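Undergrad: This is the structure I have questions about; it appears just below.
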Amino acid sequence: NKVVTGLSHATCATTLTPDVAGHTNSTAACVLTDSATGLFTVTLLTYDAGTYTLNVTMGGAVSVSRTGVHFVPGRAVAPRCTAAGTGVVSVESGDNASFTVSALDGFGNKRAAGGDSVGVVVGGASAALAGDVGASYGKTVDNADGTYTVTYAAPKFVGTFGVEVTLGGSPIAGSPFSVSALRAATD
778 NKVVTGLSHA TCATTLTPDV AGHTNSTAAC VLTDSATGLF TVTLLTYDAG
828 TYTLNVTMGG AVSVSRTGVH FVPGRAVAPR CTAAGTGVVS VESGDNASFT
878 VSALDGFGNK RAAGGDSVGV VVGGASAALA GDVGASYGKT VDNADGTYTV
928 TYAAPKFVGT FGVEVTLGGS PIAGSPFSVS ALRAATD
């Protein structure tokens, strides 16, 4: 048995440096786990997905240096997800409209993969009161990059209607959207 002496929590130090400027929400800690064997545990925590460089020093000398330590975004969280495009602002009455939903994790990192369940309900009570057929559903295309393209037919009336967008059954940020249906242009 090898006896290890002189070790303490202060013996080990770590740094986690992002490869992209502006990623500052990360920490690294080195803790002496077993003084008899000299075992240290390194714990890494980051809120910003991306690539980092990890350096571990023992007694002031670098003992481990790893580039390319990659953290990926977590699962999509509906209240952090966003929608952008004319289809959530204003459309011509009865025309086709579209917008893009961006899936983000709980820390605001953009997801790089698809597979989320995005639902869209257009119209509802406001469309029914105006004599339209009521609620309809948008068509969602998974772009397999964390974004989803949504298309729908706007209600056939001039006024305001709602567009409800959900991810996994929960509303995304800003949903339901209040969309203006404008009179169609004439030639």
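First residue of the sequence shown: 778, per our numbering; consecutive thereafter. Even glycine gets a Cβ: it sits at the ideal position worked out from N, Cα and C. All figures in this text were calculated on a predicted structure; none of them were measured in a lab.
Enumerate in chain order the residues of its own chain whose CB-to-CB distance from THR924 is below 6 Å, with the five nearest sequence positions on each side excluded.
TA: For the purposes of this step, residue 924 is taken as residue 147 along the sequence shown, with counting starting at 1. These residues qualify, in order along the chain: THR877, SER879.
Undergrad: Beta strand (DSSP E) containing CYS789: first to last residue?
TA: The residue you call residue 789 lines up with position 12 of the sequence shown. Counting along the chain, the beta strand (DSSP E) containing CYS789 begins and ends at 789-795.
Undergrad: Would you check if there are 3 or more beta carbon pairs closer than 8 Å linking the stretch 850-869 to the stretch 802-814?
TA: No contact exists between the stretch 850-869 and the stretch 802-814.
Undergrad: Straight-line CA distance for LEU718 to TYR914?
TA: This structure leaves residue 718 out entirely; the chain is present only between 778 and 964.
Undergrad: Could you tell me the distance, in whole angstroms, from the CA atom of VAL927 to the CA atom of CYS789?
TA: Sequence index remark: in the sequence shown, residue 927 carries index 150 (1-based). Sequence index remark: in the sequence shown, residue 789 carries index 12 (1-based). So the two alpha carbons sit approximately 51 Å from each other.
Undergrad: By the 10 Å Cβ neighbour count, where 16 or more other Cβ atoms means buried, how is THR967 classified, buried or exposed?
TA: Because residue 967 is not part of the residues shown, which for the chain are 778 to 964, the question remains open.
Undergrad: Compute the Euclidean distance between the alpha carbons of LEU816 and GLY891, then round it to the nearest angstrom.
TA: Counting from 1 along the sequence shown, the entry for residue 816 is found at position 39. Counting from 1 along the sequence shown, the entry for residue 891 is found at position 114. Spanning the two alpha carbons is a distance of roughly 40 Å.
Undergrad: From this set, ASN886, PRO850, ALA921, GLY885, which residue's C-alpha is nearest SER894's C-alpha?
TA: In the sequence shown, the residue the question calls residue 894 occupies position 117. Of ASN886, PRO850, ALA921, GLY885, the residue nearest in Cα terms is ALA921.
Undergrad: Would you tell me roughly how many angstroms separate the C-alpha atoms of GLY939 and ARG960, rounded to the nearest one?
TA: Stepping through the sequence shown from its first residue, residue 939 is reached at position 162. Stepping through the sequence shown from its first residue, residue 960 is reached at position 183. Approximately 17 Å, taken between the alpha carbons.
Undergrad: Using beta-carbon positions only, say whether GLY862 and SER875 come within less than 8 Å of one another.
TA: Here residue 862 refers to the residue found at position 85 of the sequence shown. Here residue 875 refers to the residue found at position 98 of the sequence shown. Yes, the Cβ-Cβ distance between GLY862 and SER875 is below 8 Å.
Undergrad: Since VAL841 sits in a beta bridge, which residues does DSSP pair it with?
TA: Indexing the sequence shown from 1 puts residue 841 at position 64. VAL841 pairs with VAL833.
Undergrad: Quick one: give me the first and last residue of the beta strand (DSSP E) that GLY939 is part of.
TA: Stepping through the sequence shown from its first residue, residue 939 is reached at position 162. First-last of the beta strand (DSSP E) with GLY939: 936-944.
Undergrad: For the beta strand (DSSP E) that VAL854 lies in, which residues bound it at each end?
TA: Here residue 854 refers to the residue found at position 77 of the sequence shown. It is not in any beta strand (DSSP E) - VAL854 carries neither H nor E in the DSSP assignment.
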